[in-house]
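A.B. asks:
Numbering (our numbering), first residue to last: 23 to 280.
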C-alpha cells in the first residue's frame, strides 16, 4: 500500500499537464467538439490585423472574398457548389456592378453541382471573370469557358481538359435506358454551353454542335496556348501589369501627373 499510493500520485502529476493542454487547445480552433471538427485537406493560413477595435484574425479566403476573389479548389461536389454559389450571391448583393474573379484549380466533379455554379455565374448581375491556375478539367473547364466574354484567362503552365459526361448504372433494362437518355440529354446541354461561349469569343458562328461533339468525344488535353486558340480562354496572363503602366499606355505613353 505504501508503494502504490506514491505511484498513483506520480501518474496523476504526469497526466495533469496533458489534461490542461487538451482543454486549452479548444480555444485555438472553431467551437466544435474534437470529434465533430470539420477536416479539410487545404491548409488554412490566417491573417492577424490591428484595427480600431483591436486585434482581428481572419482566414486567407475571407480576405480574398473581401477583394471579390473566389477560389474553386479541388473536386466539385454539392458542398463546394453551395459555398461557391453563396459567395457569388453575397458579392452580387454587396455591389452588383463590380466584377468578380474566380480562380479555378479543379479536376471537375459532379455535373449537377457544376451546373449550379454555372447558372449562378450567368444569373447574377456582376460579371464573373475566370482564371485557370494549375488545371481545369471536365466540369471545371465548363466553368472556365463560361466566364465573362473577354475576361477568361489562364496562367502560362496551366492545362485544360474537356470531354463528354461520364457515368454508369445498373438495373433493369428499362431503367438503364432511362439513365442513358438522361446522360445523353446532359451531354447535349453541356455541348450547347460550350458552343455558345466559343462562338461568342470568336464573334461569329465558327463551331456547330457537330464540331463540339467531335472536340469532346474523348479526353482532350490542351495547353494554355491551345485553349486560347480554341476560344476556351481569351488571354494568357504572364505577369501582373501595374496600374501606372496601364494608364501610361492609355494616355499614349504619358505617365500619370502628380
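A virtual CB, placed ideally from N, CA and C, is assigned to each residue, including glycine. Being a predicted model, the structure only gives us computed values, none of them experimental.
1. Judging by CA-CA distance, which residue of 209, 86, 243 and 248 is the nearest neighbour of residue 231?
2. In whole angstroms, give me the CA-to-CA distance for residue 78 and residue 68.
3. Out of 187, 167 and 206, which one is the CA nearest neighbour of residue 318?
4. Note down, one range per segment and in chain order, each beta strand (DSSP E) of at least 3 residues found wholly within the region 81–161.
5. Taking residue 122 and residue 113 to be in contact with their CB atoms under 8 Å, please state how far apart those CB atoms are, rounded to whole angstroms.
6. Under 8 Å, do residue 131 and residue 97 count as touching if we go by C-beta distance?
7. Measuring only the C-alpha atoms, how far is residue 204 from residue 165?
8. Just the C-alpha distance for residue 170 and residue 152, rounded to the nearest angstrom, thanks.
9. Per DSSP, which residues does residue 176 bridge with? Please list them.
10. Going by beta carbon distance, what residues of the same chain come within less than 8 Å of residue 102, once the five residues before and after it are set aside?
11. First and last residue of the beta strand (DSSP E) that includes residue 243?
12. What would DSSP say about residue 248, mapped onto helix, strand or coil?
13. What distance in whole Å lies between the Cβ atoms of residue 179 and residue 241, which are believed to be in contact at a cut-off of 8 Å?
14. Just curious, the alpha helix (DSSP H) that residue 237 is in, first and last residue?
15. Using CA coordinates, which residue listed in 158, 190 and 144 is at the minimum distance from residue 175?
16. In the DSSP output, which residue or residues are listed as bridge partners for residue 70?
17. Three-state secondary structure (DSSP) at residue 184?
18. CB-CB under 7 Å to residue 53, same chain, minus the five flanking residues each way: which ones, in chain order?
19. Quick check: what's the CA-CA separation for residue 107 versus residue 124?
C.D. replies: Inspection of the coordinates gives the following:
1. 209
2. 10 Å
3. Shown here, the chain extends from 23 to 280; a query on residue 318 therefore has no answer.
4. 91–95, 122–128 and 150–159
5. 5 Å
6. yes
7. 21 Å
8. Approximately 8 Å between the Cα atoms of the pair.
9. 154 and 258
10. If we look at residue 102 and ignore the five residues flanking it on each side, its Cβ neighbours are 94, 96, 131 and 135.
11. 242–245
12. helix
13. Their Cβ separation, rounded to whole angstroms, is 19 Å, which puts residue 241 and residue 179 out of contact at 8 Å.
14. 231–237
15. Distances from the CA of residue 175 to each of 158, 190 and 144 were compared; the closest alpha carbon is that of 158.
16. 79
17. strand
18. Interpretation of residue 53 is limited by its pLDDT of 39, a score under 50 that renders its predicted location unreliable; the figure taken from the coordinates is listed afterwards. There are no such residues.
19. 12 Å
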